[in-house]
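Numbering (the numbering used here) for the sequence shown: 1097 to 1424.
What follows is a set of notes on a single structure, which appears directly below.
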Amino acid sequence: MTAAASSPSSTGSSLRVALVVGASRGLGLLMARDLLEQGYRVVIAARNEQTLAAAAADLDPSGTRVLHRVADAGDPDAVADLVAFAERQGVLDVVVHVAGVIQVGPLAAMNRGHFREAIDIMTWGPINVALAAVPGMRARGHGRIGIVTSLGGKVSAPHLVPYSTAKFGAVGFTQGLAAELAGTGVTATTLVPGLMRTGSHLQAAFVGDVEKEYRWFSLGATLPLVAMPAERAAHKMVAATLAGKPVAAIGIAAQASTRFGGLAPSITVRGMGIFNRFLPGTTASGPNVRSDDATTVKGEDARRRLASPLVNFLTGLGHRAAQKNLER
């Protein structure tokens, strides 16, 4: 039993409650902190008890305003129990789904397991969370749902295909949900951030030529002119969710790419094809390695294997963000 499960419930309380799914680290942790600062009692959820408990303690050392509960977003029964738990803590006013995985590498080095994991968490996760939370919100005549998608859910980039596939599904679901909820007092916001400096590159999974994949991805997720500060992005996403906006593209890159991709999809795809030519090859050991045998390496391990002082220096801001946001 988690600490949250053993805490006294607040049935009948008028406390405003926010549930953040995927809040043990990174962006989810930052969004939970923002909601906490705005006066919400916050329930955080993730799959790992140890990291979740650490996040709860980091957010609220007193242990009075943040509760935690282990749940897998891809499991509809676990999510239904999680939402029921959150509803017992007060008035469940806000639900945010942030949980995600990032798998980096060429499609030839991926297998169906990579797609299954991505879709379970980042497509089925939002569906499970929304289907569990919407009935209660509709009955109360008010509620805010925020689904964190990605620029990758608008423009599919090479070497991130499972991620983009799942995020495209999340975008489609959330926009359809928002349309069906119109006029009910409940809103669903599609949150579309660009690259953010959360430190998540150290938690990403890499396949193929792992060292080279880590090099390009970590630089893109860290450099100041490419990635925006995660704290600012988290605040903007919380604000958009509370305002009930249908869609919020966060950051100049996300806004520009989303608009251009919608206006000129063929040009965008061709541009991604050109970008792909500069990315690493299929595997470090040759092009004939079967995808079923693909070895996945965590970002922190890939960083050690690369052992590049220059890359470590250039990604220094990302490493500091990782430390602050419990990504390592």
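Virtual Cβ for every residue (Gly too), placed ideally from N, Cα, C.
Since the model is a prediction, treat every value here as computed from it, not as a measurement.
- Closest in alpha carbon position to residue 1164, among 1139, 1179 and 1175, is 1139.
- Between the alpha carbons of residue 1203 and residue 1286 lies a gap of roughly 27 Å.
- Boundaries for residue 1202: no alpha helix (DSSP H) harbours it, and the DSSP string shows neither H nor E there.
- At a Cβ-Cβ threshold of 8 Å, residue 1372 and residue 1258 do not count as neighbours.
- Closest option to residue 1235, judged by alpha-carbon separation, among 1270, 1129 and 1277: 1277.
- Under the three-state reduction of DSSP, residue 1332 is assigned to helix.
- When secondary structure is reduced to three states using DSSP, residue 1347 falls in the coil class, being assigned neither helix nor strand.
- Put simply, the region 1201-1218 touches the region 1299-1313. At least three CB pairs are less than 8 Å apart.
- Using a C-beta cut-off of 8 Å, the region 1281-1297 makes contact with the region 1347-1357, since at least three inter-stretch Cβ pairs fall below that distance.
- Along the length of the region 1143-1223, whole beta strand (DSSP E) runs at least 3 residues long occupy 1162-1166 and 1187-1193, reported in chain order.
- In the structure shown, the three-state DSSP call for residue 1366 is helix.
- In the three-state reduction of the DSSP assignment, residue 1119 falls in the coil class, being assigned neither a helical nor a strand state.
- In this structure, residue 1295 places its C-beta atom within 8 Å of the C-beta atom of residue 1122.
- Ranked by Cα distance from residue 1169, the options 1403, 1397 and 1142 are led by 1142.
- Under the three-state reduction of DSSP output, residue 1371 falls in the helix class.
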